[in-house]
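J.:
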Amino acid sequence: MSFDTKRVARLALIGVAAASLAACASRPKPTGPVAPTPPAPTQEAPPPYTPPPAQPVDQGPVPGSVQDFVVNIGERIYFDTDSYDIRADAQPTLAAQAQWLNRYPAVKVRIEGNADERGTREYNLALGARRANAIRVFLTGQGVSASRIETISYGKERPIDPGTGEEAWAKNRNGRTAITDGAR
Amino acid sequence: MNLKSLLTGMAGAAVLALSFAAVAAPGVARAQIEVDIDKGAVKPLPVAIPAFSGGGRGADIAQVISGNLERSGLFQPLSTAGVADKLGDVNVQPRFPDWQATGAQALINGQVTVGADGQLRVDFRLWDTFSQQQLLGLQFTSTAENWRRVAHKISDAVYERLTGEKGYFDTRVAFVAESGGKLNRVKKLAIMDQDGANPSYITDGSYIVMTPRFSATSQEITYMALRPTGSSIYLLNLQTGRTETVGKFPGMVFAPRFSPDGTKVAFSVEKNGNSDIYVMDLRSRQSTRITTDPAIDTSPSFSPDGSKIVFNSDRGGQAQLYVMNADGSGVRRISGGGGRYTTPVWSPRGDYIAFTKQTGGEFHIGVMRPDGGDERLLTTSYLDEGPTWAPNGRVLMFSRESASGVSRLWSVDITGRILRPAAYTGAASDPAWSPLLD
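Same order as they appear, the protein sequences are chains A and B. Numbers -8 to 175, taken from this note's numbering, label the letters of the first sequence in order. Numbers 107 to 544, taken from this note's numbering, label the letters of the second sequence in order.
Here is the structure:
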């Protein structure tokens, strides 16, 4: 499920990134301290690809940019119910995150722990904090300096799928590595 | 069995009579108000509350009293439109046969006068219509704009006289007002009268607020704010409007709640993914860590004497309720059944702990004794959570969220029979009941 989600998001974001590159003909601005929450991934078709006008440009995001991280690495991993164990299917994403962060040492991140709505507010804040910390521990274990990482839990306050049922809840049980500073 | 026992939810005789009817009423009066407890539905007491005489706010005051008593589920206000007895002076006895004919067991009549200084004077009488006894006669004086509070105080006096329990109508409720859908939810700290009147919004929605809680001793609330930069616990004095934080902590801070004497706040502090319970002395600003388990420890709530704290922990594998001494010693688990237990709140009377329970894919509000005995689930829905006690310890308010993501406030009595939406109809969560106002 997380793989599909990422792929859909990637397709959509390539379109957006390419269009914005063509439009401003310069690299994208780094985000401010508040990274925008991306739109909820869905299983629906991505918006149609808009070809850049006239002059051909490189279609990939600028290496080291927020887009590069989001599109080519993936900013979210997913958790099982009431668990903060890093699943096997999340490890390649986190390893890639660590590798990317090691390559761009100026980048700082905030890891956001999220929980689904099938829990009460305070418990879910604690659970989200555990998830964010589990990601932090993984990344620092792969050589990312702890001083570049902050963590926060949003509990169940920041779902990315508004649906009801296991499919939506599975997406909402996630940890997001959000770039806050230092990207190109 | 009387109405008091209805409130306390004790099982007993199948046929119930109300305590006030026993004052002097003949048998026929009791027969009117029989309740079969085994049918699971209490027949509310029929009561007549005609517009208070004297004009002005007379009709409004009667309507507020009527709304309060009706929402309690214990009273059924009747239409008084066709009654021949046009009550005037409260010092004149009502024509009881006229009121008996409506089926009303009790009559509340009153009179409003405005003094030369603009002060509102409200006299009222509570009558047993069949025994023709006056049960209560009180007078309130207040500024004219304070008429709703006069109505709430009359409601409390009537409720206490007829049930033997303290009322809870002259109170306020802090809550989180919600707008927007699941993906763009805006949350504002808000406060209103318990009947939904006079709502006011304290924060602007630019950051998330959660879990306001009232001090039992002052017009003060504590709540949590969550921004991308971190979380904070605030103390807000409702009289001065002054807000302050309890200070900086390395990780998340959440789940604040006052001690019963208002001198301390217990809350959770998270460090490296581990949440523990701390207690801060508000005078010295010193905080003490009182749990050290590597599990989640959160949602602390003091016993009314301040000697114990009930809290939520998953140290046993999944979320359960535990009680410890206020210094953190003597931890023991009190919840036992299958399912996950969270959000424990000690009743201000000390006799019950309310909680949220998740089982079988559903959420329940429930109560149990402080030793874990007598567990009863009062509600069932897609998502019920976060009970708060009325100051009399007999009614709970909580959030109920539908699958579509709209949350509203509901209330339920501790028998579970009287379940209904709260008077405030906007989207809302995390209610916190105030103590009785002065």
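Where a beta carbon is used, it is the ideal one built from N, C-alpha and C, also for glycine.
Suppose the cutoff is 7 Å on Cβ atoms and the five residues either side in sequence are ignored; what does the same chain contact list for V501 (chain B) look like?
T.: So the qualifying residues of the chain are Y274, S517, D519.
J.: Alpha carbon to alpha carbon, how far is T193 (chain B) from G221 (chain B)?
T.: Per the sequence shown, the amino acid found at residue 193 (chain B) is Leu instead of Thr. Their Cα atoms are separated by approximately 21 Å.
J.: Whose Cβ in chain A lies nearer than 7 Å to the Cβ of A407 (chain B)?
T.: According to the sequence provided, residue 407 (chain B) is Ser. The question's Ala does not apply to it. Ordered by position in chain A, no residue passes the 7 Å Cβ test against S407 (chain B), which lies about 11 Å from the chain.
J.: How should R109 (chain A) be labelled, buried or exposed, when 16 other C-beta atoms within 10 angstroms of its C-beta is the threshold for buried?
T.: Buried is the call here.
J.: Quick one: is T351 (chain B) near chain A, going by C-beta distance under 9 Å?
T.: Answer no: the Cβ-Cβ gap between T351 (chain B) and chain A never drops below 9 Å.
J.: Please check if any C-beta of chain B sits within less than 9 Å of the C-beta of Y95 (chain A).
T.: Not one chain B Cβ lies under 9 Å of Y95 (chain A).
J.: For a contact meaning CB atoms closer than 7 Å, what does E108 (chain A) contact in chain B?
T.: L489, listed in chain order.
J.: Touch check for the region 116 to 125 of chain A and the region 74 to 94 of chain A: three-plus C-beta pairs under 8 Å?
T.: Yes, the region 116 to 125 of chain A is in contact with the region 74 to 94 of chain A.
J.: When you check each C-beta in the region 357 to 376 of chain B against every C-beta of chain A, which residues fall closer than 9 Å?
T.: Listed by position along the chain: G357, M358, F360, A361, S374, E376.
J.: Counting Cβ pairs closer than 8 Å, one from the region 77 to 94 of chain A and one from the region 132 to 146 of chain A, do we hit at least three?
T.: Contact holds: three or more Cβ-Cβ distances are below 8 Å.
J.: Anything in chain B within Cβ reach of A174 (chain A), meaning under 8 Å, just list it in chain order.
T.: Neighbours of A174 (chain A) on chain B: none; closest Cβ ~16 Å, over 8 Å.
J.: Could you name the residues of the same chain whose beta carbon sits closer than 6 Å to that of V473 (chain B), not counting the 5 residues immediately before and after it, in chain order?
T.: Result list for V473 (chain B): Y458, A460, R482, I520, in chain order.
J.: Could one say the Cβ of R112 (chain A) lies closer than 9 Å to chain B's Cβ atoms, at least one of them?
T.: Cβ-Cβ to chain B under 9 Å: yes for R112 (chain A).
J.: Give the DSSP bridge partners of L502 (chain B), in chain order.
T.: L502 (chain B) pairs with B:W495, B:V518.
J.: Measure the alpha-carbon distance for T277 (chain B) versus L542 (chain B) and round it to whole angstroms.
T.: Each residue's alpha carbon lies about 5 Å from the other.
J.: Is any beta-carbon of chain A found at less than 9 Å from that of D496 (chain B)?
T.: First, the residue type needs correcting, since residue 496 (chain B) is Ala and not Asp in the sequence shown. Not closer than 9 Å to any Cβ of chain A, the Cβ of A496 (chain B) fails to qualify, so no.
J.: If we require 3 or more residues per run, which beta strand (DSSP E) segments fall completely within the region 167 to 226 of chain B?
T.: Runs found: 181 to 184, 212 to 220.
J.: G162 (chain B) to M298 (chain B), Cα distance in whole Å?
T.: Between G162 (chain B) and M298 (chain B), the C-alpha separation is close to 24 Å.
J.: What separation, rounded to the nearest whole angstrom, lies between the Cα atoms of Q568 (chain B) and A257 (chain B)?
T.: Examination of residue 568 (chain B) is not possible in this model, given that chain B is present from 107 through 544 alone.
J.: Do F60 (chain A) and I143 (chain A) count as a contact pair if the criterion is CB distance below 9 Å?
T.: Cβ distance not < 9 Å, so I143 (chain A) and F60 (chain A) don't count as in contact.
J.: Buried or exposed, going by whether 16 or more other CB atoms sit within 10 Å of the CB of D262 (chain B)?
T.: Looking at its Cβ environment, which holds 16 or more other Cβ atoms inside 10 Å, D262 (chain B) is buried.
J.: Going along chain A in order, which residues have a C-beta closer than 8 Å to the C-beta of N418 (chain B)?
T.: The answer, in chain order, is E113, Y114.
J.: Which residue wins for smallest C-alpha separation from G466 (chain B), given the options B:G160, B:R446, B:A283, B:T208?
T.: That would be B:R446, whose Cα lies nearest to the Cα of G466 (chain B).
J.: Could you list which residues in chain A have their beta carbon closer than 7 Å to that of N378 (chain B), in chain order?
T.: In chain order: N124.
J.: Between the Cα of G104 (chain A) and the Cα atoms of A:N163, A:T155, A:A81, which residue gives the shortest distance?
T.: Of A:N163, A:T155, A:A81, the residue nearest in Cα terms is A:N163.
J.: What's the C-alpha gap between A331 (chain B) and P318 (chain B)?
T.: Using only the alpha carbons, I get a separation of about 10 Å.
J.: Verify the CB distance criterion: does T208 (chain B) have a CB-CB separation below 9 Å to chain A?
T.: Not one chain A Cβ lies under 9 Å of T208 (chain B).
J.: In chain order, what residues of the same chain lie with their CB nearer than 7 Å to the CB of T486 (chain B), ignoring the 5 residues before and after it?
T.: Answer for T486 (chain B): E468, H470, listed in chain order.
J.: Specify, as a first and last residue, the run of the beta strand (DSSP E) that R167 (chain A) falls within.
T.: 165 to 172 is the span of the beta strand (DSSP E), which, as asked, contains R167 (chain A).
J.: Which one or two residues does DSSP pair with Y329 (chain B) in a beta bridge?
T.: Paired residues: B:Y340.
J.: Helix or strand or just coil, what does DSSP make of V352 (chain B)?
T.: It is coil, neither helix nor strand.
J.: Which partner residues does P152 (chain B) have in the DSSP bridge list?
T.: BP columns for P152 (chain B) point to B:Q182.
J.: Is the region 63 to 72 of chain A close to the region 149 to 167 of chain A, with three or more CB pairs under 8 Å?
T.: In short, these stretches touch, since the Cβ pair count reaches three.
J.: Leaving aside the five residues before and after G55 (chain A) along the sequence, list all residues of the same chain whose C-beta is less than 8 Å from its C-beta, in chain order.
T.: Taken in chain order, the residues that qualify are R94, Y95, V98, A174, R175.
J.: Mapping DSSP to helix, strand and coil, what is P537 (chain B)?
T.: DSSP places P537 (chain B) in strand when its eight states are reduced to three.
J.: Assuming the contact rule is C-beta atoms closer than 8 Å, F417 (chain B) and S405 (chain B) should be a hit. Round their C-beta distance to whole Å, please.
T.: Sure, about 6 Å apart at Cβ, within 8 Å.
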